[in-house]
């Protein structure tokens, strides 16, 4: 019965939980590649990155070290590191919006291609559940319930966040529609004014020529 309950909880958790942003990408020397993540305010965010060694039997050369910078859409800097082969960052988002993680590889002749593994987690997915289980001495069932509770809480907060974003978009749409209405009205008024002036000009011209 317990195993069955654990399976059900794990299944629901798997359905409700979105995947974290874990990826591997290639970076050409002398170029920059940026990855963005939409994070709501007061959310925890953690990231880990490392450059894949093309030759595991030898140390990573300096040409394969990268510069990493994490910034918010407001220009605030949350992480900055140079000549790194591996590293990590963690911060709590002060404001909601798009956060950018940019990776830059130094110039090299001839050009080389670096492979970078990057794992970026936000919200409930940024929590280290292994340490939670060890520190709390909890069993499997209780751990899954803790995960499920945090996931539901995260989804609840995400719904409010999306609702706020939707209200902002609706307000922007209303403002844009209002501006377009007045712009259309002004354009119509100008067109009618020009047409009226042309009509008066032609009427005066024909009267002078005694055509009407």
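Numbering (my numbering), first residue to last: 56 to 267. Where is the CB? At the ideal position from N, CA and C, for every residue including glycine. Predicted model only: the values in this text are computed from it and were never measured.
Our two residues, residue 136 and residue 130, have alpha carbons roughly 16 Å apart in a direct line. In the assembly as shown, residue 175 is a buried residue. Its beta-carbon has 16 or more other beta-carbons within 10 Å. If only complete runs of 3 or more residues are kept, the segment 86-155 shows the beta strand (DSSP E) at 87-94, 99-106, 121-127, 132-139, 141-147, in order along the chain. In this structure, DSSP gives residue 162 a state outside helix and strand, which the three-state scheme calls coil. By the criterion of at least three beta-carbon pairs nearer than 8 Å, the segment 80-94 is in contact with the segment 146-154.
Put simply, of 141, 127, 244, 229 the residue whose alpha carbon is nearest the alpha carbon of residue 108 is 141. In the three-state scheme derived from DSSP, where H, G and I count as helix and E and B as strand, residue 77 is classed as strand. Between the alpha carbons of residue 172 and residue 212 lies a distance of about 29 Å. Rounded to whole angstroms, the separation of the alpha carbons of residue 221 and residue 239 is 26 Å. DSSP links residue 205 through a beta bridge to no other residue. With distances taken between CA atoms, residue 167 lies nearest to 119 out of 119, 138, 208. Of the residues 228, 81, 165, 248, the one whose Cα lies closest to the Cα of residue 121 is 81. The alpha-carbon separation between residue 210 and residue 227 amounts to approximately 25 Å. Pairing residue 143 with residue 103 gives a Cβ-Cβ distance under 7 Å. Residue nearest to residue 157 within the set 128, 147, 252 is 128 (criterion: CA-CA distance). Taking C-alpha positions only, residue 229 is separated from residue 217 by approximately 18 Å.
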